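Here numbering that gives the first Met the number 0 is used: position 96 in the sequence shown is 95, and no number is missing along the way.
Just so it is clear, CB atoms sit at the ideal spot from N, CA and C, and this is done for glycine as well.
Small disclaimer: the values here were computed from a predicted structure and weren't measured.
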Amino acid sequence: MDREMKAQESDPTRDTPPMTLEGCVVRMADTISYVGRDIEDAIRLGLIIREDIPDSCRRVLGDTNGTIVYTLVEDLVSSSLGKDCVAFSEEVSQSLVRLKAFNHERIYMNDRVKKQTPKIKIMFQLLFERYLRDLETGNQDSDIEKEYLAGMSSDYRNQASKAAVVRDFIAGMTDDYFLTQCHKNLIPQWISSAF
């Protein structure tokens, strides 16, 4: 574990597997929260229609964000209760793998989405730099302080590097919150006149 921690500290962007049950729960919660939401967003944007979702996934998981979230949470709890691990049932796990593959192929790799990737990378970089600067200068009015660190333990605040804190904050953002933060922090705001 020490080796993994050192590797993570040297490269905060590195994707590492969770090493605790709590970490597994966080990773699974992340998947649960985005897999159905991304489908709803893709339908709203006209990238897919609901009937495009593979029948096997719709039958096991459902075809709306609400039913997918409910099914995944219920299955995770019932399949993990009283066990030393956190896991989905085999049927739900296989359906989730198929649904994630569908999302990857039909949503994330969609040409319309891929055209936005360079812009989004710049937004991530600029927002990362903004929050890092806020931490380095002690800006207590920053949302990273008020909306993120205020709810974290003192151990986390004292032990995590500033870059890791920023990474964790941004990684936990929904798409809408990310865009709101970009607009708030990166787009010039109107200055009201004193007249």
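| Item | Value |
| --- | --- |
| Three-state class that DSSP yields for Ile42 in the structure shown | helix |
| Cβ-based neighbour list, Arg105, same chain, cut-off 6 angstroms, excluding 5 preceding and 5 following | Ile47 |
| Top-ranked residue by Cα proximity to Tyr147, from Ser94, Ala170, Glu128 and Asn102 | Ala170 |
| Every unbroken alpha helix (DSSP H) within the segment 102 to 187, with a cutoff of 4 residues, ordered by chain | 110 to 113, 116 to 136, 153 to 158, 161 to 170 and 174 to 185 |
| Stretch pair the segment 30 to 38 + the segment 102 to 118: three plus CB contacts closer than 8 angstroms | yes |
| Proximal residues to Gly137 (C-beta, below 7 angstroms), its chain only, five neighbours per side dropped | none |
| Cut-off 8 angstroms between Cβ atoms - residues of its own chain near Ile52, not counting five sequence neighbours on either side | Ile38, Asp62, Leu98 and Phe101 |
| Nearest neighbour of Leu20, chosen from Ile121, Ser77, Val72 and Asp83 [CA to CA] | Asp83 |
| Under the three-state DSSP convention, the category Gln67 falls into | Checking the sequence shown, residue 67 turns out to be Ile, not Gln. Helix at Ile67. |
| Segment contact flag, the segment 115 to 134 with the segment 148 to 168, C-beta cutoff 8 angstroms, min 3 pairs | yes |
| Closest residue to Ala28 among Lys113, Leu131, Tyr69 and Asn157 (Cα-Cα distance) | Tyr69 |
| Limits of the unbroken alpha helix (DSSP H) element including Cys197 | Since the first residue shown for the chain is 0 and the last is 194, residue 197 is missing from the structure and cannot be characterised. |
| From Thr173, Thr66, Phe168 and Ser153, residue whose alpha carbon lies closest to that of Thr131 | It should be pointed out that residue 131 corresponds to Leu in this sequence rather than to Thr. Here the closest residue by C-alpha is Phe168. |
| Burial state of Ile121, where buried means 16 or more other Cβ atoms lie within 10 Å | exposed |
| Pick from Leu71, Phe123, Arg26 and Leu60 that is closest to His200, judged by C-alpha positions | Residue 200 lies beyond the range of the chain shown here (0 to 194); nothing can be said about it. |
| Close-in-space but distant-in-sequence residues of the same chain around Asp74 (CB under 8 angstroms, 5 per side omitted) | Phe87, Ser88 and Val91 |
| Span separating the alpha-carbon of Tyr155 from that of Asp54 | 43 angstroms |
| Distance between Val96 and Val85 (C-alpha atoms, nearest Å) | 16 angstroms |
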